[in-house]
Structure formats: structure tokens, C-alpha cells
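Residue numbers (the working numbering), protein chains in the order written: chain D, 33 to 305; chain H, 33 to 305; chain G, 33 to 305; chain F, 33 to 305. Cβ coordinates follow ideal geometry from the N, Cα and C atoms, glycine included. Report on the following structure.
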């Protein structure tokens with residue numbers, strides 16, 4: 033026990049010095065950087081979110097969900113590199129916005145966490161981010177056909193879903209968002225929207241709360257499935273901007289949001305609280 | 033116990049006064065409004081119907097099924113606001129046709145229960161209503177392509193399936209049927225038909241019995257799935273009106289209806305009685 | 033016990049007299065008509081076949097599979113009217129080829145058993161028949177597009193799959209094959225083929241053995257699914273008649289047939305023997 | 033025990049003499065040919081690979097996966113003829129590259145094992161081979177439309193996926209690769225690529241390690257599913273050759289490969305080690 037305290041103290045000092053050097057951390061955070069994640073409700077929900085997204089096939093072996101740190105808006109919390117289906121509380125790690133890990137165990141983080149950090153940096157209104165490769169979205173990402181909300185439950189995805197292509201600025205890569213520079217380019221394309229597609233890759237979803245992020249990611253996929261079928265038989269009519277705005281407010285209200293959250297928790301076998 | 037009786041009595045008085053004011057309630061109903069729902073076979077089937085519709089993915093987080101109250105044709109019974117997959121007997125509530133709840137516990141009802149009340153009001157031949165968002169229906173609802181019965185098991189959906197668009201009369205809304213005025217507009221479009229589609233939203237199904245409503249809602253979805261595929265390879269030939277009429281009579285006869293009900297109960301893990 | 037013996041004896045006499053009158057039954061069959069179905073391997077396989085076809089979604093609430101009676105080629109064995117997913121040994125009944133039931137319990141038979149009787153009557157080479165409504169077949173049945181074997185595992189469905197329309201001879205009906213006259217019309221369209229589609233309804237599959245019937249029914253559905261997708265991206269090339277002939281012989285050989293049977297039994301949770 | 037030793041010794045002698053006659057085996061292998069397969073990690077993974085491929089529906093009743101023998105590069109190891117879903121360690125058999133079985137029990141091998149032997153013979157860089165009939169691949173195999181990597185997770189399938197037609201050289205057959213001559217013709221079409229399609233049949237996947245083979249086979253299917261949908265709504269843009277090369281390196285790196293392997297093992301209920 034004393035050795036782990038020693039490790040924690042050394043990690044604390046290292047992180048604190050690095051943070052001081054970066055000029056990014058207020059003194060109070062020094063103590064916090066070494067603080068383990070308590071089993072508070074927000075983090076339990078983050079684990080639940082991982083399981084739900086996996087169960088609904090919004091994510092598969094790849095993909096991740098994060099939460100802006102309730103204790104420090106310049107940090108975020110997400111799992112170490114592990115499939116969402118398998119994530120447990122012990123897998124959660126705190127990160128600085130630029131992606132530096134605050135994990136005492138120094139476990140391998142997701143290579144694409146910069147997506148999350150860059151969105152939190154650009155969007156003070158966002159507190160939860162999902163990055164996923166849901167298959168139904170990919171035909172839109174590789175053909176450039178516009179994905180738009182057709183059905184009321186999908187109003188939560190917002191009126192406009194831009195398409196980002198990593199090659200526009202970064203030319204030929206392995207397609208992954210590995211740096212803050214790439215993350216910021218994606219965040220710039222996302223703008224003030226809720227969702228953006230990533231060419232040949234997947235999507236990013238950004239909302240004010242974790243429950244909203246999960247629901248929006250699920251219905252982004254559902255809308256894509258419906259739109260694929262609709263385009264095969266005719267020209268689908270989209271919801272108008274006013275319909276999207278009013279419906280989104282209703283679908284994100286506690287009545288609807290909590291009913292959906294309870295339903296998806298039950299399906300994934302997780303506690304809905 | 034005495035306090036809940038007191039609550040029930042106060043609720044009874046309030047409801048009764050309101051009902052008297054509305055001129056809608058006969059004296060005998062005063063006593064009934066406070067009567068708890070007994071575990072009679074019709075209500076057990078209503079719970080089973082919820083579970084079957086969820087299992088067959090006719091409904092998901094959203095959607096609901098109701099039954100005209102066997103004790104009072106001006107009332108109907110449905111669950112409080114909860115996903116059908118999770119509904120239990122204790123969730124069932126009685127409603128006046130105009131949507132006023134007779135729930136002693138005053139629990140949150142479905143926001144769109146007016147769909148049900150308006151259909152019961154307009155159709156004395158209907159005793160069960162399903163409202164759902166089955167994904168296969170939505171491409172038809174957003175393209176205006178006509179959904180029509182192609183296969184004999186789907187004759188139960190009827191010959192004609194009109195499309196209702198809330199915006200025609202109510203302009204831009206959050207797409208939900210929140211008032212009796214909107215419900216009556218939908219019921220007017222439904223007319224004497226079994227099913228109607230709702231643009232960018234889903235469908236309503238209205239039949240004489242609960243088993244018929246469940247079977248019709250399931251095969252409405254199946255027919256849509258088959259029609260989507262058929263339209264991709266050619267021009268599907270629909271059943272003629274005479275074929276629909278004769279086949280529907282057969283498919284709704286006890287022999288076929290009970291075989292299907294038993295099958296879907298078994299799949300959903302509920303008692304088929 | 034004596035009363036059921038009495039019932040059985042009376043039933044025996046009735047059946048025997050009717051059989052004598054029809055001139056269709058040899059004296060030895062009199063004793064057999066009252067004999068209960070022994071739990072021999074062929075009948076156990078018939079129960080397994082029901083479960084496999086349900087598990088693979090070749091049948092759903094509706095559909096049935098039968099076996100020519102090993103003891104009397106002018107009879108066949110199938111379940112009473114019940115969804116295949118639920119069929120048990122006790123549900124099996126013997127039928128005369130014309131559809132008359134030999135069930136001492138006089139339980140409700142499948143309304144469309146005439147499909148089976150008519151095929152056995154027309155085809156001395158056939159000993160097992162499946163009637164099903166697999167959804168992937170229905171787009172072909174309502175558009176008239178030709179379903180043909182594209183993939184080697186589906187060579188078992190044969191080179192040619194005719195389409196039968198009940199309305200050609202019987203005009204407007206409830207679409208069900210209710211009489212031997214209708215069954216014989218379907219059998220005439222089936223001809224010497226393994227499969228035939230039924231407009232707006234489903235298909236019939238007829239083979240020499242029960243295992244072959246189950247495998248052919250499964251791969252008829254698979255081939256349809258592949259063909260639907262292939263037709264969406266180009267013009268599919270079918271197997272040549274010689275390829276169908278050679279591949280079918282291989283796919284129906286014990287090596288391949290038994291491997292497939294064992295696999296589908298395992299999936300359905302039934303004993304493969 | 034002594035009789036089985038006697039059997040093993042006789043089998044050893046027979047195999048050794050045959051091997052000597054063929055001039056293909058070095059003396060040290062004589063002892064090895066009779067050595068039973070030890071439960072080493074590579075063979076446990078081979079069993080796991082079978083189960084994963086079945087669970088992900090990359091294979092069904094048919095299809096197989098093999099491993100180049102870690103002890104002798106001129107041999108390979110795969111199961112006896114059995115559906116991958118059911119394969120257990122005891123089913124594994126060693127084969128000479130030309131397909132001759134080294135199974136003391138002389139159990140029935142897969143009829144198409146020559147696919148594996150021919151690929152190992154042609155490709156010294158390949159140590160694992162999958163042959164499968166995944167349904168999403170078949171529309172491409174029968175229309176000649178080009179399957180190409182559209183999404184980054186599918187970069188592992190390589191830039192080019194040739195199509196092999198058995199009839200080009202062997203005219204009309206039962207479509208199975210039954211001889212080394214046919215296997216070599218397929219291997220010639222595969223060339224230096226990772227995957228090749230087989231007209232009206234399926235595909236072959238060849239990689240350096242077993243984990244890579246499983247992941248590539250899964251994402252070959254996923255890419256096909258996405259491409260089918262993309263082609264229905266527009267003209268899909270494929271990954272560039274440089275993107276494929278860079279992404280493949282990342283996706284086959286331990287970080288990504290192990291995360292995917294752990295995920296698919298968990299889904300299939302097998303130990304990921």
C-alpha cells in the first residue's frame with residue numbers, strides 16, 4: 033500500500049510539474065489530478081453509456097464515449113483503450129483537453145481521444161461526446177449524399193450534419209484523428225451542429241448531457257437506416273427546421289429522454305439510474 | 033392505507049366534479065372512476081400486447097397500445113408513460129376519452145394518448161388501438177409512396193392505408209399528437225380504415241379486438257419490409273380488394289388468429305391465454 | 033382407459049368403412065389407421081424439422097412441414113394446426129392423401145394440408161414437403177421476377193422455380209389452398225421441380241427426404257436474399273444447368289447434407305440424430 | 033492403450049513411407065507426423081477463430097479456417113469436416129500441403145481443404161487462411177461489380193480483391209475446389225492480395241497471422257454490406273491506395289488488432305488469450 037502511495041505521489045509531482053510548465057492548471061487541480069475517480073453517478077452513467085452504445089450496435093470493436101469532467105471543465109473522462117461492450121468503472125481515466133493522460137496506471141488510451149478533447153475545447157455547451165462507426169452512416173460518408181432528419185425521434189441529431197474528410201487538410205493518412213490539429217479541423221467542420229460524418233470512417237456526436245449523446249447517437253443511426261430505404265423508393269421529405277427545433281426540444285425533455293434511457297438501459301442490462 | 037383512501041376519495045371528487053362540469057359522465061361512473069383495475073383477462077392481454085409489440089420491434093422506446101374499457105365504452109385503458117417492453121399490470125391506467133386520467137396515483141401518462149381517445153370517439157367498431165414508429169413504415173411516410181397489402185398474411189391491414197401529415201392543419205409542430213383536435217384530424221384521415229401512416233412519425237392501427245390490433249400492427253410492418261424489397265426489383269402486384277376482404281376474414285378467424293397469437297406470445301415469453 | 037379404447041375402436045371402424053367405401057385402403061391399413069405414431073426416428077426428425085425451420089425464420093407463425101408416411105405411401109404425417117416453433121411429437125397426426133385426418137383426438141389440422149397431399153399424389157419421388165412464407169421470397173412472388181440459383185449452396189433448389197397464382201384458375205379467394213383441386217393445380221405448376229413460388233403467399237418445397245426438404249427450404253430463402261441484393265447492383269449471373277445438377281448432387285450428398293443438418297440442429301437446440 | 037500405440041505406429045509407418053515416396057518429407061518429420069496436436073496457444077486460437085467466424089456469420093454450415101503448422105511450414109492444421117460453430121480442439125487435424133491427412137483417426141476432412149494448401153504453397157508470407165460464403169459478398173461474386181475498401185476498418189482487406197471463376201479453366205463443375213490443380217488456379221488469381229472472391233461461391237482470405245485472418249474476414253463482410261448500401265444511393269469513393277496501406281498498418285497493429293480480437297472473443301464466448 034505504501035508503494036502505491038509513493039507511486040501516486042511521484043505521479044502527482046510529475047503531472048503537477050508538467051501542468052505548471054504548460055501553464056494550464058490552477059493549483060487546486062494539483063490535488064485533483066492524483067485523485068482517483070469516485071463512483072459518482074456521472075461516471076456510472078458513462079459506463080452504462082458504453083454498454084448501451086455497444087448493445088444498440090452504434091459502436092462495435094471501435095468507438096468511444098466521453099464526459100467532460102464534472103470537477104474540471106478543461107478535462108474529460110473516458111475509458112482506456114477497450115471495446116465499449118467491455119468497459120467497466122475501473123477502466124475510466126481522466127484526460128487533459130489536449131489528450132494527456134492523468135491515469136496513475138498509465139494504461140493505453142484510445143488513439144483517437146483528440147476528437148473528444150478538440151470538441152470540448154471548441155464547444156463550451158458540450159459535455160458529452162460519442163465517436164462511432166455505425167455501419168448505416170458509412171454509405172452517406174462515402175457518397176456525399178446528405179444525411180438529414182426525416183423522422184421526429186431523430187430531430188435530436190439536428191438540422192444539419194456536415195461531412196468532414198481528413199484528406200482535405202491532411203492528405204493521405206491512416207484515417208485516424210491522432211492529433212489535436214486534426215481534432216480541431218474536425219471540430220471546425222462540426223461547428224455548432226450536433227453531429228458530423230467523417231468520410232470512410234464514422235461520425236462524431238456532441239451534446240450537452242451524456243443521456244442526450246447516447247440517444248442522439250442511436251437515432252442518428254436509425255435515421256440513416258430509414259433514409260437509405262426511403263431513397264430507394266422515392267425522394268424523402270425531411271423535417272423542416274422549425275419541426276426539428278420543436279421536436280428536438282420535446283425529445284430531449286425529461287419525459288421522452290428518460291423513457292428512452294430506461295428502455296435502452298433495460299435492453300443492455302444496465303441500471304438506469 | 034387510510035391516507036391513500038383519502039387521496040382516492042379526493043381524486044374521486046375532483047374527477048367527478050370535472051366530469052359533471054364537462055357533462056360527460058353518468059352518475060354510475062363516479063363509483064367506477066375510483067375502482068382499481070382488476071386483473072381480468074382483458075387487462076392481462078393488454079400487458080401481453082405491450083410485450084409482444086416490443087419483442088417484434090413494432091414499437092421501441094416509444095409507441096403504445098390501448099383497449100377500450102370493457103366496463104365503459106367512453107373510457108380506455110393503457111399504461112402510464114413507459115416503454116412497452118417494460119409495462120406491467122400495475123402501470124395500467126383508465127382514461128376518459130378526452131385524455132383525462134383517472135389514475136389515483138396521478139402518474140405521467142403518454143403524451144400522445146389523444147390518438148387513442150380520438151379513434152375510440154370516431155369509431156364505435158374499434159376496441160383496440162396501437163400507435164407505433166416501426167422503422168420499415170417510415171420510408172413510406174416520408175416519400176408518399178403508397179403502402180398496400182401485397183401478401184395474404186397482411187390482408188389484415190386492409191385495402192387502403194392513408195397518410196396523415198400533421199402539418200396540413202397544424203403547420204410546424206414537434207410532430208406529436210398532443211390534443212384532441214390533432215387526434216380528431218388524424219382519426220378523420222384514418223376514416224373507416226384499419227391503418228394510417230403519420231408523416232415522419234409512424235402509424236396508427238385500429239381494430240375490433242386487441243389480438244387483431246397486435247397481429248395487424250405486426251403484419252403492417254412485415255408488409256412494408258416486403259414492399260420495400262419488391263419495389264427495388266420490380267412493380268409489385270397488390271392483393272385485389274376481394275382478396276383482401278376474403279383473406280382478412282380468414283386471417284382474423286380464431287383458427288389463424290389464435291395460432292399467430294400463441295406464436296407471438298411464446299416468442300415474447302408471455303402467457304398466451 | 034377403456035373409454036379411449038372404445039373411442040379408438042369406433043374411430044377405427046368409421047375410418048375403415050370410409051376407407052373401404054373410397055376403395056383406397058388395403059385391409060392391412062385398417063389396423064394401422066388406429067395405430068398411434070411410434071416415436072421412431074423419422075417422426076422425431078419431423079419434429080426437429082419444424083423447430084429448425086422456425087429458428088431459421090423460414091416459417092413464422094404460419095407454414096408447415098410433412099413427411100410421407102413410412103408405413104403407407106398414400107398417407108402423410110404432419111402436426112396439428114400449430115406454429116412450427118411449438119410443435120412437439122404429440123402434435124403429429126396421420127392424414128390420408130386427400131386430407132382426411134386419422135387423428136383419434138380429431139384435433140384441428142392445418143387448413144392448407146392439401147398442398148402436401150396433392151404433391152405426394154403427383155410426385156412418387158417426393159417424401160417430404162415444406163410450405164412456407166419466408167419474407168425474402170415474397171418480393172419475387174409479387175413482381176414476377178425470376179428467382180434462380182446464383183450460389184452453389186442453393187443449387188439444391190433446382191434450376192427452375194415456377195410461380196403459381198391461385199387466381200389463374202380460382203379467381204378471387206382468401207389465397208389459401210383449401211381443396212385438393214387447388215392443391216393439384218399448384219402441384220401441376222410445380223411439375224418435376226423442387227420449388228415453386230405462390231403469388232402473394234409463399235412457396236412449396238418438395239424433396240426425396242426430410243433433411244433435403246429442410247436444407248432446400250433454408251437455401252431457397254438465402255438465395256432470394258442474395259438475389260435481391262445482387263439485382264440492386266447489377267445483373268446476376270446464375271449457375272448453369274450443369275453446375276446446378278453437379279452441385280446439387282454434392283450438396284445433397286451425406287458429407288454436405290449431414291454437416292448442414294448437424295449445424296442447423298445445433299442452432300435450433302435439437303438433437304441431430 | 034497398447035492397441036492405439038500399435039495403430040499410431042502403423043499409421044506412422046504408412047505416412048512415412050508415403051512421404052518418402054513423395055519425396056516431400058525430411059526424416060525428422062516422420063516422428064512428428066504421428067505426434068498428436070498439443071494444446072498449444074496457436075491451436076486454441078484456431079478453435080476460437082472457428083467460433084468467432086461462426087458467431088459473426090462470416091461462415092455458416094460451411095466454410096473453414098486453417099493455420100500453417102508452427103512445427104512444419106509444409107503442413108497446415110484445420111478441423112475435420114464440421115461446421116465451424118461446433119469445432120473443438122479434438123477436431124483438429126494436420127495436413128500435408130497437398131491435402132493428405134495425417135489424422136490417425138482418418139476422420140473425414142473438409143472437401144475444399146485444397147484451397148488452404150494451395151495458398152500456403154504459393155504464399156510463404158501467409159500463415160492463416162479463411163474460406164467462407166458470407167452472404168454479403170455473394171452479390172459481388174455474381175455480378176462482377178468490384179468490391180473495394182471504402183472504410184478504414186476494412187483497409188485490412190487490401191486494395192484489390194480479384195474475382196475467380198472456377199469455370200474459366202474447369203468448365204462446369206459442382207463449384208467446389210476439390211483438387212490442388214483447382215486450388216493453384218485460385219491461388220494464382222489471389223496473387224499477392226489478401227482476399228479474392230469466388231464466383232457464385234464465396235471468398236478466400238489469406239494473412240500472416242490467425243488474428244489478422246479473422247479480422248480481415250469479418251471486415252471483408254462489413255465492407256461488402258456498406259458498399260451494397262452505398263451503391264444504392266450514389267457512387268462510393270474508395271480509400272486511396274496510400275490510405276489503405278497506412279490504415280491497414282494501424283488496424284493490424286497490436287493496439288487495434290488486440291482490441292478487436294478481445295471484442296469478438298467476448299461476443300463469441302471464447303477465451304481471448
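Check                                                                                                                           : Outcome
Buried or exposed by the 16-neighbour rule on C-beta atoms within 10 Å, applied to residue 116/H                                : buried
Given 8 angstroms, three or more beta-carbon pairs between the segment 261-269 of chain H and the segment 128-139 of chain H    : no
Touch test, the segment 237-256 of chain D against the segment 171-188 of chain D, Cβ-Cβ under 8 angstroms, three pairs minimum : yes
Rounded C-alpha distance that separates residue 241/G from residue 235/H                                                        : 45 angstroms
Chain-ordered neighbours of residue 272/D on chain H, where CB pairs are closer than 7 angstroms                                : 204
Check whether residue 84/F and residue 227/F have beta carbons under 9 angstroms apart                                          : no
Residue burial classification, residue 248/F (beta-carbon count within 10 angstroms, cutoff 16)                                 : buried
Neighbouring residues, chain F, relative to residue 284/D (Cβ below 7 angstroms)                                                : In chain order: nothing, as chain F lies at least about 29 angstroms away.
Residue 124/G versus residue 99/G - alpha carbon distance                                                                       : 10 angstroms
Pairwise C-alpha distance: residue 178/G and residue 288/G                                                                      : 27 angstroms
Rounded straight-line distance, which links the Cα of residue 77/H to that of residue 91/D                                      : 36 angstroms
Residue 244/D beta carbon less than 9 angstroms from that of residue 166/D                                                      : no
Beta-carbon proximity of residue 150/F to residue 171/D, cut-off 9 angstroms                                                    : no
For residue 119/D and residue 82/D, believed in contact at Cβ under 8 angstroms, the rounded distance                           : 4 angstroms
Touch test, the segment 274-289 of chain H against the segment 198-209 of chain G, Cβ-Cβ under 8 angstroms, three pairs minimum : yes
CB contact flag (residue 219/G, residue 155/G, <9 angstroms)                                                                    : yes
Chain G contact for residue 171/F (CB, 9 angstroms cutoff)                                                                      : yes
Coil, strand or helix - residue 240/G by DSSP                                                                                   : coil
4-residue-minimum alpha helix (DSSP H) runs that sit fully inside the segment 160-201 of chain G, ordered along the chain       : 170-175
Helix, strand or coil at residue 96/G [DSSP, three-state]                                                                       : strand
Residue interval of the beta strand (DSSP E) (run including residue 296/D)                                                      : Unbroken run through residue 296/D is the alpha helix (DSSP H), 286-300; no beta strand (DSSP E).
Burial state of residue 73/H (16 or more Cβ within 10 Å)                                                                        : exposed
Cβ neighbour criterion (16 or more within 10 Å) applied to residue 94/G                                                         : buried
Contact with chain H by residue 235/G, beta-carbon distance below 9 angstroms                                                   : no
Residues of the segment 193-222 of chain F whose Cβ lies closer than 7 angstroms to any Cβ of chain G, in chain order           : 204, 205, 206, 207 and 208
Closest Cα partner of residue 157/H within the set 224/H, 213/H, 147/H and 110/H                                                : 224/H
Unbroken alpha helix (DSSP H) run spanning residue 280/F, endpoints                                                             : 273-283
Backbone secondary structure at residue 234/G - three-state DSSP                                                                : strand
Contacts that residue 190/G makes with chain H (C-beta to C-beta distance below 9 angstroms)                                    : Within chain H, no residue comes near residue 190/G; the closest Cβ sits about 21 angstroms away, beyond 9 angstroms.
Neighbour flag for residue 174/H against chain D, beta carbons, 9 angstroms                                                     : yes
Cα-Cα separation between residue 201/H and residue 275/H, rounded to whole angstroms                                            : 35 angstroms
Span of the alpha helix (DSSP H), counted from its first residue to its last, around residue 109/G                              : Where residue 109/G is concerned, there is no enclosing alpha helix (DSSP H), although the beta strand (DSSP E) it sits in stretches over 107-111.
N- and C-terminal bounds of the beta strand (DSSP E) containing residue 127/F                                                   : 124-128
Residue 118/G (DSSP reduced to helix, strand or coil)                                                                           : helix
Test: residue 131/H CB closer than 9 angstroms to a CB of chain D                                                               : no
CB contact check: residue 302/H to chain G, cutoff 9 angstroms                                                                  : no
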